[in-house]
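In UniProt numbering, the protein residues as written are 1 to 638.
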Amino acid sequence: MEDMRKNILSFKPGRSVFQSPSRNRNDALQELLLTMQSSEATDMNMLKDLQCSVEYQRKEHNQFSKQLAELGNLHEGIKLKMAKLQKCLVVQAVESVIYEKLNAFHMAIAEVNNWQEDIRCHTSVRRILPWARDSMMRLHFLSKFLDDARNEKGGAILNPILVYLPHGNNKIHELFLELFNKAAIPMIQMIWHWVVRGALNDPYDEFFVQYNSDCTMDEWHEQFVLRKDFLPSVINSSLGKLITATGKVMNFLNKYYPEKCSEIIEKRKNLYDFQEFSFPLLVNKEDEFQHYIKDIYTENSSIFLKMLEEKYMLSSFFKNIHDFFFLSQGHFARHFMISMYSEYSKSVNDVSLNHLNSLLASAIGEMMTMKSSDRIFNEVIVHLNTPTEKDTVADVFTLKYQMSPPLNQMFETFEISYRKIFRFLWSKNHVSYLLSNCWRSLRGLLRTKNLTEDLSYNLKRVYLFNNQLMQFTYQLDFYMIYEIVDRWWQTFMLCYKESNDIEEVLCSHAKMLSSILTGTLQKKHQAEVSIQLRHIVILISEIEELITNIYYFINNQNFSFEDSSLIFSAKVDVLLNTAETAVNKFSSFLKSCRHIHGLLAVYERINFNDYYKRDNDKTEKPLPKPTNVYTIKESTSG
Numbered sequence: 001m002e003d004m005r006k007n008i009l010s011f012k013p014g015r016s017v018f019q020s021p022s023r024n025r026n027d028a029l030q031e032l033l034l035t036m037q038s039s040e041a042t043d044m045n046m047l048k049d050l051q052c053s054v055e056y057q058r059k060e061h062n063q064f065s066k067q068l069a070e071l072g073n074l075h076e077g078i079k080l081k082m083a084k085l086q087k088c089l090v091v092q093a094v095e096s097v098i099y100e101k102l103n104a105f106h107m108a109i110a111e112v113n114n115w116q117e118d119i120r121c122h123t124s125v126r127r128i129l130p131w132a133r134d135s136m137m138r139l140h141f142l143s144k145f146l147d148d149a150r151n152e153k154g155g156a157i158l159n160p161i162l163v164y165l166p167h168g169n170n171k172i173h174e175l176f177l178e179l180f181n182k183a184a185i186p187m188i189q190m191i192w193h194w195v196v197r198g199a200l201n202d203p204y205d206e207f208f209v210q211y212n213s214d215c216t217m218d219e220w221h222e223q224f225v226l227r228k229d230f231l232p233s234v235i236n237s238s239l240g241k242l243i244t245a246t247g248k249v250m251n252f253l254n255k256y257y258p259e260k261c262s263e264i265i266e267k268r269k270n271l272y273d274f275q276e277f278s279f280p281l282l283v284n285k286e287d288e289f290q291h292y293i294k295d296i297y298t299e300n301s302s303i304f305l306k307m308l309e310e311k312y313m314l315s316s317f318f319k320n321i322h323d324f325f326f327l328s329q330g331h332f333a334r335h336f337m338i339s340m341y342s343e344y345s346k347s348v349n350d351v352s353l354n355h356l357n358s359l360l361a362s363a364i365g366e367m368m369t370m371k372s373s374d375r376i377f378n379e380v381i382v383h384l385n386t387p388t389e390k391d392t393v394a395d396v397f398t399l400k401y402q403m404s405p406p407l408n409q410m411f412e413t414f415e416i417s418y419r420k421i422f423r424f425l426w427s428k429n430h431v432s433y434l435l436s437n438c439w440r441s442l443r444g445l446l447r448t449k450n451l452t453e454d455l456s457y458n459l460k461r462v463y464l465f466n467n468q469l470m471q472f473t474y475q476l477d478f479y480m481i482y483e484i485v486d487r488w489w490q491t492f493m494l495c496y497k498e499s500n501d502i503e504e505v506l507c508s509h510a511k512m513l514s515s516i517l518t519g520t521l522q523k524k525h526q527a528e529v530s531i532q533l534r535h536i537v538i539l540i541s542e543i544e545e546l547i548t549n550i551y552y553f554i555n556n557q558n559f560s561f562e563d564s565s566l567i568f569s570a571k572v573d574v575l576l577n578t579a580e581t582a583v584n585k586f587s588s589f590l591k592s593c594r595h596i597h598g599l600l601a602v603y604e605r606i607n608f609n610d611y612y613k614r615d616n617d618k619t620e621k622p623l624p625k626p627t628n629v630y631t632i633k634e635s636t637s638g
C-alpha cells in the first residue's frame with residue numbers, strides 16, 4: 001500500500017488537471033474514486049453528470065476520468081459474473097482468489113481516499129492513473145476469464161485459466177498461476193480419492209468421472225463413464241480413460257476383495273500430500289503425473305486379475321465358453337444333437353424348457369471328467385430366443401451362460417455374441433450330422449435287393465450329390481474351426497496369460513468375438529451370405545426328407561412305387577438342381593473374397609479337390625453331364 005502511495009504521489013503532472021478551483025477538482029476526484037469502488041451512492045452512469053458539473057481543461061482529462069470510472073464497471077461486472085457461475089468446488093476455489101483481489105482493490109481505493117482528504121496530499125486524476133491502469137488490466141483479464149468460464153463446470157473451468165497462464169505480462173501470469181493452483185486443489189482431491197479409494201467424492205457433479213445410475217447390467221463398461229467435456233486440457237482423453245479405469249478397478253476390488261483393498265489404501269495414503277502430489281504435476285514435460293496413475297493402475301489391475309482367477313475361476317469361465325459355446329469339448333455337440341433330434345422339429349409350445357435342460361445336462365455329464373466342474377450344470381442352460389407361434393425348437397434354440405458377479409458385470413455384454421457363435425457352429429454341426437445320417441441311409445438303401453431301375457438310378461444321384469455336399473461342408477468346417485475359431489481363441493488366451501491389464505484382456509476378448517463373427521459371416525453387411533447358407537441348410541433337410549420318403553416307399557407293402565416313380569424323379573431333379581444352384585452361388589461369393597484369404601482358400605480347396613476329379617461309381621444309366629464343379633458327373637453304364 002505504501003508503494004502504491006509513493007507511486008501516485010511521485011507522479012507530478014505538468015499542468016493542473018482541472019481548470020476549476022481545487023475544491024471542485026477534489027470533488028470530481030472523490031466522485032471518481034466512489035465510482036471506482038462501485039459505491040451504491042454513485043450512479044454507474046455518473047460520467048454524464050460529472051461532465052456537466054466540472055469543466056476540464058483538456059480533452060484527455062475526460063478520457064482519464066472515463067478510464068478510472070471503467071474500473072468501477074469492471075469491479076461490479078466481475079461480481080455479477082461470478083454470481084452466474086455454476087456452483088461447484090472448483091468455482092468456490094476460483095471465487096476465493098478473485099474476492100481476495102477485489103478486497104485488495106477496495107483497500108487501495110480507501111487508502112487513496114484518505115490521501116485525498118489530506119490537504120498536504122495533492123492527489124489528482126493524473127497521479128492515480130498509472131496505478132489504476134495496472135488494476136484495470138488485471139480486472140479486465142479476470143472479466144474475460146469469467147466470460148469464458150460462464151458455461152463450464154468442474155475441471156473444464158481450468159481451461160480458460162490455462163489459456164491466460166502463459167501471458168507475457170508477469171503480473172497477469174502470476175494472477176492466473178495463483179488461480180490455477182487454488183482451483184486445482186478440489187480437482188486433484190477428487191482424482192486421488194477416486195484413484196486410491198475407488199469412490200467418487202463429487203457433491204456438485206463436477207468430476208469428469210460420472211456414476212451412471214441408470215446402469216443395470218453392464219456395470220464394468222457403463223456404471224462409471226468418462227465425461228470428456230469436463231476434462232481440463234492438461235488431462236488428455238487417454239489419461240482421462242486411464243484415471244477412469246484405475247478408479248473402476250479399485251471400486252470393484254472394494255466390492256469383491258475388501259480385505260486387500262484396505263491394505264492398498266493404507267499403502268497409498270501419502271498421495272493425499274498435496275505439496276508433493278499436486279495438480280501442477282500435470283503441466284511438466286516428463287508426464288510425471290501420468291506415470292503415477294499408470295503405476296497404480298498396473299498394480300491394481302494385476303491384483304484384480306489374480307482375484308478373478310483365484311476366487312471366481314476366470315480361467316474355468318473361459319474354458320466353458322470354448323468347450324460348450326464354441327463346441328470344442330470332445331463330442332459334446334454330437335451327444336447333445338442325438339438327444340435333441342426328436343425334439344428339434346417340434347413346435348416351441350410343445351416342448352418343455354426343463355426337458356431340454358435335462359437333455360443338455362445329460363450331454364454335458366457324458367463329457368465331464370472332474371468333480372470340480374460340476375458347477376457347469378447350473379451355469380450353461382438352454383435358451384430359446386423370442387419365439388412366435390409357428391417357430392420350432394430349431395428356429396430359436398441356443399445356449400445361455402448364467403454368470404455370477406463380478407463376471408456378469410464384465411462379460412454379460414458379450415452374451416449375444418456367445419449365442420450367435422454357438423448357433424452358427426451348432427447349425428454347421430447339425431448339417432454335418434444330417435449329411436452323415438443321409439450317407440448311412442443311402443448306403444443301406446443301395447444295398448437293398450430288387451430295387452427298380454428308376455429307384456436305383458435316383459438313389460445313386462442323391463447319394464453322389466450328398467457326398468459332394470459332405471465334402472463341401474467338411475472344407476467349410478475346417479475353415480471355421482481351425483482358421484477362425486481356434487486361431488482367434490489361441491490369440492486371446494495368449495493375451496490373457498501374459499497380460500496384467502484387465503482392460504487389455506477385455507478388449508482382446510471383444511476382438512476375438514468380433515473376428516469370429518466376421519469370419520463366420522455373421523456381421524450385418526454379410527446378411528446375404530447368411531441367407532445363402534440358410535438356404536443350403538434347408539435343402540439338406542429336404543434331402544433328408546426325400547430319403548425318408550424313399551424308405552417309406554420301399555417298406556410300404558401296400559403301395560406301388562412304380563405308380564409314383566415319375567413324381568420321385570421330378571422331385572430329385574428339382575432338388576438337386578436347386579441345391580447345385582445354391583452351392584454354386586455361395587461358391588461365387590467365396591471366389592470374390594480376395595480380401596479374406598481364408599475364404600478364398602476354402603473356394604480353392606473345394607474347386608480343385610481330388611474328389612471332384614475322379615470318376616464316379618458306375619451306374620446302370622448315364623447321369624447328367626456336369627455344368628460346373630458341383631454338378632453330378634456323368635458315369636458310363638456297366
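The beta-carbon is built from N, C-alpha and C at its ideal position, and this holds for glycine as well.
Secondary structure of residue i, DSSP reduced to three states
{"i": "Leu231", "result": "coil"}
{"i": "Gln210", "result": "strand"}
{"i": "Asn577", "result": "helix"}
{"i": "Glu366", "result": "helix"}
{"i": "Tyr457", "result": "helix"}
{"i": "Ser352", "result": "coil"}
{"i": "Thr520", "result": "coil"}
{"i": "Gln86", "result": "coil"}
{"i": "Lys79", "result": "helix"}
{"i": "Leu451", "result": "coil"}
{"i": "Pro258", "result": "helix"}
{"i": "Asn201", "result": "coil"}
{"i": "Thr548", "result": "helix"}
{"i": "Met410", "result": "helix"}
{"i": "Pro160", "result": "helix"}
{"i": "Lys153", "result": "coil"}
{"i": "Arg268", "result": "coil"}
{"i": "Asn429", "result": "helix"}
{"i": "His167", "result": "coil"}
{"i": "Pro186", "result": "helix"}
{"i": "Met137", "result": "helix"}
{"i": "Met217", "result": "coil"}
Candidates the options, of which the one nearest residue i by Cα
{"i": "Ser587", "options": "Thr548, Ile536, Glu544 and Ile540", "result": "Ile536"}
{"i": "Phe317", "options": "Tyr479, Gln522, Gln92 and Ile376", "result": "Ile376"}
{"i": "Leu142", "options": "Asp205, Phe180, Gly155 and Gly154", "result": "Phe180"}
{"i": "Asn382", "options": "Leu407, Phe422 and Thr413", "result": "Note on identity: in this sequence residue 382 is Val, with Asn being the wrong assignment. It is Phe422."}
{"i": "Leu74", "options": "Tyr496, Ser135 and Cys438", "result": "Ser135"}
{"i": "Phe207", "options": "Pro232, Val351 and Ser213", "result": "Pro232"}
{"i": "Gly240", "options": "Ile185, Leu177 and Ala156", "result": "Ala156"}
{"i": "Glu95", "options": "Ser237, Lys182 and Asn159", "result": "Lys182"}
{"i": "residue 689", "options": "Ala245, Lys400 and Asp391", "result": "What is shown of the chain runs 1 to 638, which leaves residue 689 out entirely."}
Sheet register partners of residue i (DSSP bridge)
{"i": "residue 639", "result": "Outside the modelled stretch of the chain, which goes from 1 to 638, sits residue 639, for which no answer is possible."}
{"i": "Phe224", "result": "Tyr211"}
{"i": "Ser347", "result": "Thr392"}
Residue environment, residue i, which counts as buried when at least 16 other CB atoms sit within 10 Å
{"i": "Ala199", "result": "exposed"}
{"i": "Thr386", "result": "exposed"}
{"i": "His509", "result": "buried"}
{"i": "residue 649", "result": "Beyond the ends of the chain as shown, which are 1 and 638, falls residue 649; an answer cannot be given."}
{"i": "Asp287", "result": "exposed"}
{"i": "Pro258", "result": "exposed"}
{"i": "Lys228", "result": "exposed"}
{"i": "Leu353", "result": "exposed"}
{"i": "Leu434", "result": "buried"}
{"i": "Ser507", "result": "The sequence shown places Cys at residue 507, rather than the Ser named in the question. Burial call: exposed."}
{"i": "Thr452", "result": "exposed"}
{"i": "Gly365", "result": "exposed"}
{"i": "Lys269", "result": "exposed"}
{"i": "Asp350", "result": "exposed"}
{"i": "Glu174", "result": "exposed"}
{"i": "Tyr552", "result": "exposed"}
Neighbour flag for residue i against chain C, beta carbons, 8 angstroms
{"i": "Ser432", "result": "Annotation note: the requested chain C is absent from the structure, which comprises a single protein chain."}
- [ ] Any chance you could list the alpha helix (DSSP H) runs of at least 4 consecutive residues sitting entirely within the segment 312 to 336, in chain order?
- [x] 314 to 320
Task: Segments of 4+ residues assigned as alpha helix (DSSP H) that fall wholly inside the segment 460 to 500 - done: You should have 486 to 498.
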